[in-house]
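Before any comments, here is the structure.
Here you go:
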C-alpha cells in the first residue's frame with residue numbers, strides 16, 4: 013500500500029531516487045504528507061549537481077526569486093508583514109501535564125496538531141513539493157544530524173543548498189538506523205508578488221515527541237528554513253538527553269603568537285555584532301550562528317551546524333565588513349532578500365556604500381525615496397532585517413576545519429549583548445560557574461528588528477538562546493554547568509560589550525576595537541598575559557591593551573580611554589543583578605540555587621569594592637589592591 017502511494021504520487025523517476033534510502037519510517041512520513049498536503053508534483057532532490065541545479069532554476073521560473081544583473085545573484089521578497097521570526101505563532105507542542113517556563117511559547121500538543129493538520133490539508137495543491145535531505149554538522153561524524161524537509165517553496169529549498177551540507181548520501185549510508193529530524197513547510201497561497209498571503213494562518217509548530225516541525229503560510233527564512241532555529245529546538249531537546257549542547261554560537265579561530273590558533277565560540281542576540289565578529293578579517297571563521305558542542309578526551313569540541321550564512325545585511329559596508337563586502341560583490345551564488353532591486357538589476361541596502369538610488373523594488377513593492385507606509389512612517393530602502401544567503405566557501409577567511417568530522421577544540425567562550433551602561437568591553441570569568449551564570453545566564457540586550465514587535469526594549473536572553481529553548485530554563489542552565497564535569501581543560505569564559513556609551517550617548521568604541529578584544533582573549537585563554545581582578549571578572553591591564561591596539565589596528569589607546577571604558581560601574585552592575593535575580597525568582601521554574609549564590613557573591617564583591625573605592629572604580633585602584 014505504502015509503495016503504491018509513493019509510486020503513484022512520485023512517478024518512477026522520483027520513486028527510484030527515494031527508495032535508495034532504505035528507511036520505512038522516512039517513506040511512511042513522506043507518503044503521509046504528500047497525501048495530506050496534496051501537491052500536484054513531487055521532486056526528490058539527491059546530492060547530484062543536476063538535481064540541485066533544477067532547484068536553482070525553478071526558483072526564478074516560478075517567480076520566488078528574480079534574476080539580478082550579476083549572473084549568480086538573485087533576489088527574493090517576503091510579504092511586507094512577514095519579515096522576521098514570528099515569535100507569537102512559533103510554539104513548542106507539549107503533551108498534557110508537561111510545562112515549560114513562561115518565556116517559552118508553548119501550546120497543547122493534541123489540539124495544535126489538529127489545528128496545523130487542518131491548516132495544511134491540501135495546502136500544496138497546484139504546487140510542486142521539494143523533498144530535501146541535509147546533514148547538520150559534518151557528515152560521517154558523531155556530530156552528524158540528518159534532516160529531511162518537505163517544502164513547496166523553491167526559495168526555501170534553494171536557501172538550504174547554500175546554507176547546509178547535502179545529506180542524501182548520508183541518509184543512504186545510515187539507512188534504517190537514521191534518527192532524523194522532519195520538517196514540513198508550505199508557503200501557502202501566494203499573492204501577486206509570489207509572497208505568502210494568509211498570514212493570519214501563519215503557524216510554526218515544533219513537536220518534540222516526533223522530532224517534527226510544521227511551518228505554514230510564511231516564507232521568511234527564520235520561519236521556514238527548517239534546519240536553522242527550528243531544528244535547533246529539536247537538537248537542544250535531544251542534546252539534553254544525550255549530554256551534549258546545542259548553542260546559538262559562532263565558532264572562530266583567533267590567531268595568536270607563533271601561528272597558534274585558539275578556537276572560540278560566541279553567543280550574541282540579533283544585531284549585536286555576531287556575524288561581524290565571526291568575519292573579522294584578521295581571524296578565521298568556522299561558523300557564524302549555531303554550534304554543537306561535545307566532550308571528547310577531556311576537552312570541549314565544537315562544529316558549525318551549517319556551512320553557509322543567512323546574515324543581516326543592514327550596515328554591511330566596505331570599511332567595517334571587508335570580507336562580507338567582497339563576497340557580496342563577487343560572482344558567488346547569493347540570494348538577497350528584502351533589499352532594494354534597482355531598475356538596472358543592482359542592489360542597495362541600509363548603509364551600503366554609495367548614494368541611495370531614487371527608486372526600485374523592495375519589500376514594500378515599487379519603492380521611491382520618501383515613500384511612507386499606511387501609518388505615515390517612511391519606508392527604508394531595505395528592511396532592517398533584510399538578509400543575504402551565501403555559502404561560507406565564498407569567504408576569504410574560511411577556516412580549513414569547517415568540515416572536520418572531529419570538530420575543533422574550544423579554548424574560549426564569549427557572551428555579548430547590547431549594553432550601553434554596565435559591562436566593560438571585555439572581561440574574563442573567574443571560573444566556569446561564574447561565566448555560565450554571571451555572563452551567559454545573565455545576558456541582556458536591546459530588542460532589534462530581527463524579531464517581530466517593538467524595538468529598543470532591554471530583554472533578558474540567557475546565552476542568547478531563550479527564543480530557541482525547548483527544555484526548562486533550569487535544565488538548560490544545569491546542562492551548561494554540568495558540561496564542565498570531567499573536563500581536563502575547561503575553556504575560559506569571557507563577556508564582551510561593543511555598545512558601551514558615554515554620558516552624552518556616544519559609543520566609546522569603534523567597530524574595529526573588537527579585533528583587540530579577541531587578541532587579548534586569545535592570550536588570556538593561553539595564560540600569556542596577566543589580568544586585574546575586578547568585582548565582575550578579570551579585566552585587561554592597560555599596558556597589554558595599549559600594545560595590542562598598536563599592533564593589531566595601528567591605533568593609539570590612551571589611558572584616559574582605558575579608564576573610561578574599563579571602570580567598574582557599581583550602581584549599574586548591582587541594578588543588573590537585581591533585575592536578573594527578580595527574573596529568575598518570578599519567571600523561571602525552580603531556578604538553580606547555585607545561580608543565586610554566584611550572583612550574590614558578585615553583589616558582595618561589588619559592595620566591598622564600592623566601600624573602598626566609590627561608585628565608579630578605576631582599574632588602577634584594583635591593580636594596586
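In our numbering, the protein residues as written are 13 to 637.
Note that the Cβ used here is the ideal one computed from N, Cα and C, for glycine as well.
Who does residue i pair with in a DSSP beta bridge?
| i | result |
| --- | --- |
| residue 202 | 208 |
| residue 545 | 550 |
| residue 316 | 303 |
| residue 144 | 161 |
| residue 268 | None, per the DSSP bridge assignment. |
| residue 421 | 313 |
| residue 410 | 297 |
| residue 724 | Nothing in the structure corresponds to residue 724, since the chain is present only between 13 and 637. |
| residue 3 | With the chain covering 13 to 637 only, the question about residue 3 has no answer from this structure. |
| residue 405 | In the DSSP output, where bridge partners are listed per residue, residue 405 has none listed. |
| residue 178 | 146 |
| residue 282 | Bridge partners of residue 282: none, in fact. |
| residue 628 | 581 |
| residue 195 | 161, 225 |
| residue 262 | 278 |
Quick check on the DSSP output: the beta strand (DSSP E) that includes residue i runs from which residue to which?
| i | result |
| --- | --- |
| residue 152 | Careful: residue 152 lies outside any beta strand (DSSP E) and carries neither H nor E. |
| residue 339 | Taken as a continuous stretch (DSSP letters only), residue 339 belongs to no beta strand (DSSP E), being part of the alpha helix (DSSP H) at 334-340. |
| residue 226 | 224-228 |
| residue 259 | 257-259 |
| residue 119 | 118-120 |
| residue 440 | 438-440 |
| residue 513 | Neither: residue 513 is in no beta strand (DSSP E) and is coded neither H nor E. |
| residue 471 | 470-472 |
Whose C-beta lies closer than 8 Å to the C-beta of residue i among residues of the same chain, with five residues either side of it excluded?
| i | result |
| --- | --- |
| residue 379 | 352, 371, 372, 373, 391, 393 |
| residue 431 | 456, 457, 509, 511, 512 |
| residue 268 | 274, 531, 534, 535, 538, 540 |
| residue 54 | 21, 22, 23, 26, 46, 140, 141, 143 |
| residue 342 | 406 |
| residue 474 | 452, 453, 454, 455, 485, 488, 489 |
| residue 128 | 215, 217, 226, 228 |
| residue 444 | 493, 496, 502, 505 |
| residue 233 | 168, 171, 240, 322, 349, 399, 401 |
At which residues does the alpha helix (DSSP H) containing residue i begin and terminate?
| i | result |
| --- | --- |
| residue 582 | 582-598 |
| residue 574 | 571-578 |
| residue 287 | 286-290 |
| residue 250 | 241-254 |
| residue 526 | 526-537 |
| residue 87 | Note, residue 87: premise wrong, no alpha helix (DSSP H); beta strand (DSSP E) at 85-88. |
| residue 233 | 233-236 |
| residue 493 | 485-494 |
Once you ignore the five residues that flank residue i on each side, which residues in its own chain have a CB closer than 7 Å to its CB?
| i | result |
| --- | --- |
| residue 557 | 528, 532, 569, 574 |
| residue 14 | 39, 40, 43 |
| residue 152 | 417 |
| residue 630 | 575, 579 |
| residue 98 | 214, 216, 230, 235, 464 |
Who are the near neighbours of residue i in its chain, counting only those whose CB is closer than 6 Å to its CB and skipping five residues on each side?
| i | result |
| --- | --- |
| residue 561 | 528, 567, 569 |
| residue 582 | 618, 622, 627 |
| residue 245 | 218, 480, 482 |
| residue 500 | 310 |
| residue 300 | 262, 287, 290, 321 |
| residue 332 | 523 |
| residue 180 | 58, 59, 145 |
| residue 18 | 27, 43 |
- prompt: Are at least three pairs of beta-carbons, each pair with one atom in the stretch 58-68 and one in the stretch 207-227, less than 8 Å apart?
  reply: no
field: the stretch 344-355 touching the stretch 305-314, judged by at least three CB pairs closer than 8 Å
entry: no
- prompt: How do the stretch 312-320 and the stretch 170-183 stand: do at least 3 beta-carbon pairs fall below 8 Å, yes or no?
  reply: For the pair of segments examined, the stretch 312-320 was found to touch the stretch 170-183: the number of CB pairs separated by less than 8 Å reaches three.
message: Count Cβ pairs between the stretch 283-298 and the stretch 238-247 that sit closer than 8 Å; are there 3 or more?
response: no
query: Are the stretch 188-197 and the stretch 70-87 in contact at 8 Å, needing three or more beta carbon pairs?
result: When C-beta atoms of the stretch 188-197 are compared with those of the stretch 70-87, fewer than three pairs fall below 8 Å, so the two segments do not count as touching.
- prompt: Would the stretch 609-616 and the stretch 589-598 be scored as touching if the rule is three or more Cβ pairs under 8 Å?
  reply: yes
- request: Jot down the residue ranges of each uninterrupted beta strand (DSSP E) in the stretch 339-397, minimum 3 residues, whole runs only, in chain order.
  value: 346-349, 371-374, 377-380
- prompt: Is the number of C-beta pairs between the stretch 438-454 and the stretch 358-367 that are closer than 8 Å three or more?
  reply: The way I'd put it, the stretch 438-454 doesn't touch the stretch 358-367; fewer than three beta-carbon pairs between them come closer than 8 Å.
Contiguous beta strand (DSSP E) assignments of at least 3 residues, all confined to the stretch 18-70: 53-56
message: Below 8 Å, how does it come out for the stretch 69-78 and the stretch 156-163: are there three or more Cβ pairs, yes or no?
response: No, they do not touch.
- request: Report yes or no: do three or more beta-carbon pairs, one from the stretch 109-118 and one from the stretch 251-268, lie closer than 8 Å?
  value: no
- request: Say whether the stretch 332-340 touches the stretch 55-63, bearing in mind that this needs 3 or more beta-carbon pairs closer than 8 Å, one atom from each stretch.
  value: Fewer than three Cβ pairs drawn from the stretch 332-340 and the stretch 55-63 lie within less than 8 Å of each other, which leaves the two stretches out of contact.
- request: Count the CB pairs spanning the stretch 181-191 and the stretch 443-454 that are closer than 8 Å, and state whether there are at least three.
  value: no
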